[in-house]
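**Q** Line order of the protein sequences matches chains A and B. If you read the first sequence in this note's numbering, its first letter stands for residue 423, the second for the next number, and so on. If you read the second sequence in this note's numbering, its first letter stands for residue 439, the second for the next number, and so on.
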Amino acid sequence: SAVISQKPSRDICQRGTSLTIQCQVDSQVTMMFWYRQQPGQSLTLIATANQGSEATYESGFVIDKFPISRPNLTFSTLTVSNMSPEDSSIYLCSVEIGSSYEQYFGPGTRLTVT
Amino acid sequence: AQSVAQPEDQVNVAEGNPLTVKCTYSVSGNPYLFWYVQYPNRGLQFLLKYITGDNLVKGSYGFEAEFNKSQTSFHLKKPSALVSDSALYFCAVRDVIGNEKLTFGTGTRLTIIP
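(1) Output, in chain order, the set of chain A residues within a Cβ distance shorter than 7 Å of T462/B.
(2) So if I threshold CB-CB distances at 7 Å, which residues from the stretch 510-524 of chain A count as touching chain B?
(3) Report the residue from R432/A, V447/A and D433/A whose alpha carbon sits nearest the alpha carbon of G528/A.
(4) Using a Cβ distance threshold of 8 Å, determine whether the stretch 503-519 of chain A contacts the stretch 454-470 of chain A, with at least three qualifying pairs required.
(5) Out of E538/B, S518/B, P469/B and R532/B, which one is the CA nearest neighbour of Q509/B?
(6) Does the beta carbon of G545/B sit closer than 9 Å to a beta carbon anywhere in chain A?
(7) Ordered along the chain, which non-local residues of its own chain (more than five positions away) have a Cβ less than 6 Å from that of S518/B?
(8) Just the chain B side, please: which residues come within less than 8 Å of T470/A by C-beta, in chain order?
(9) Following the continuous beta strand (DSSP E) through I512/A, name the residue where it begins and the one where it ends.
(10) Quick check: the stretch 487-496 of chain A against the stretch 464-475 of chain A, are at least 3 beta-carbon pairs closer than 8 Å?
(11) Against chain B, does F483/A count as a neighbour if the rule is that its beta carbon must be under 9 Å from one of theirs?
(12) Smallest Cα separation from E502/B: which of V465/B, V475/B and V534/B?
(13) Taking only the alpha-carbon atoms, compute the straight-line gap between D533/B and R432/A and give it to the nearest angstrom.
(14) Would you report the Cα separation of I519/A and Y526/A, rounded to the nearest angstrom?
(15) Between Q463/A and chain B, is there a C-beta pair that is closer than 9 Å?
(16) May I have the straight-line CA-CA distance separating L531/A from H513/B, to the nearest angstrom?
(17) For T442/A, which beta-bridge partners are listed by DSSP?
(18) Using the C-alpha atoms, what's the distance from L533/A back to T557/A?
(19) Expressed to the nearest angstrom, what Euclidean distance is found between the alpha-carbon atoms of L526/B and G500/B?
Shown next as structure tokens:
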């Protein structure tokens with residue numbers, strides 16, 4: 423398994439501003455993922471972030487809105503840009519450990535946009 | 439395309455009784471299947487997985503799941519429910535061929551009644 427931390431744990435932001443969420447892992451991992459989850463609902467994959475390459479975005483998510491950085495094997499950031507109330511959600515990062523196919527999740531960042 | 443269905447939004451079980459949380463899937467090739475649990479205000483925790491081999495897989499907290507290829511199902515089970523099992527459960531699938539993307543079901547809220 424892996425220990426994953428996210429910062430901030432929660433934030434309240436004004437519409438039109440941007441927020442950068444950090445994800446830190448206690449071991450080196452190749453594959454990291456960013457998800458969005460409405461409270462009590464399912465997870466939607468935003469993008470896959472592999473170190474050394476550009477992030478791969480899922481349908482409905484674009485780099486201008488959700489830029490991602492992956493500077494090394496233990497760290498990634500997701501920025502939610504030009505926020506609107508519709509961006510209010512929980513944002514989760516996850517990592518896949520080796521060839522286990524298991525994904526381990528961070529505690530999430532609860533974002534409220536007013 | 440891959441998809442997961444969890445037909446029950448809510449399952450209520452009396453403490454001590456056996457529990458089943460249902461999951462069916464659809465993939466183009468062979469599936470990798472997973473169960474995750476989410477306790478209130480916490481991130482997702484990995485419970486168990488089916489990759490290959492024995493159709494009955496055992497996981498954390500006494501849970502098990504049975505892979506049934508003909509019925510394309512992967513139901514989660516536990517012989518005797520505990521009140522502490524009350525949580526939100528997600529089934530997820532990944533196609534063996536092609537991508538690393540996990541697709542999650544809509545979740546089933548399990549409530550164990552004392």
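For each residue, glycine too, the CB sits at the ideal point set by N, CA and C. A quick note: this is a predicted structure, and the numbers were derived from the prediction, not measured.
**A** In brief:
(1) None at all; the shortest Cβ gap to chain A is about 15 Å.
(2) Cβ contacts with chain B: L514, E518, Y523 and E524.
(3) G528/A has its Cα closest to that of V447/A, out of R432/A, V447/A and D433/A.
(4) Proximity of the stretch 503-519 of chain A to the stretch 454-470 of chain A meets the contact definition, three or more beta-carbon pairs being nearer than 8 Å.
(5) Measuring from the Cα of Q509/B, the nearest candidate turns out to be P469/B.
(6) Interface residue, yes.
(7) Taking S518/B as the centre and dropping the five residues before and after it, the same chain places the C-beta of G454 closer than 6 Å to its C-beta, in chain order.
(8) Under the 8 Å cutoff, chain B gives E538 and K539.
(9) Bounds of the beta strand (DSSP E) holding I512/A are S511 to E518.
(10) Cβ pair count under 8 Å is three or more, so yes.
(11) Not one chain B Cβ lies under 9 Å of F483/A.
(12) Ranking the options by Cα distance to E502/B, first place goes to V475/B.
(13) Cα-Cα distance, rounded: 33 Å.
(14) Cα to Cα, I519/A sits roughly 8 Å from Y526/A.
(15) Taking Cβ atoms only, chain B reaches closer than 9 Å to Q463/A, which makes this a yes.
(16) Sequence check: residue 531/A is Thr here, not Leu. Using only the alpha carbons, I get a separation of about 30 Å.
(17) T442/A pairs with T501/A.
(18) Lying before the first or after the last residue shown, residue 557/A is absent from chain A, which here runs from 423 to 536.
(19) Distance from the CA atom of L526/B to the CA atom of G500/B, rounded to whole angstroms, is 16 Å.
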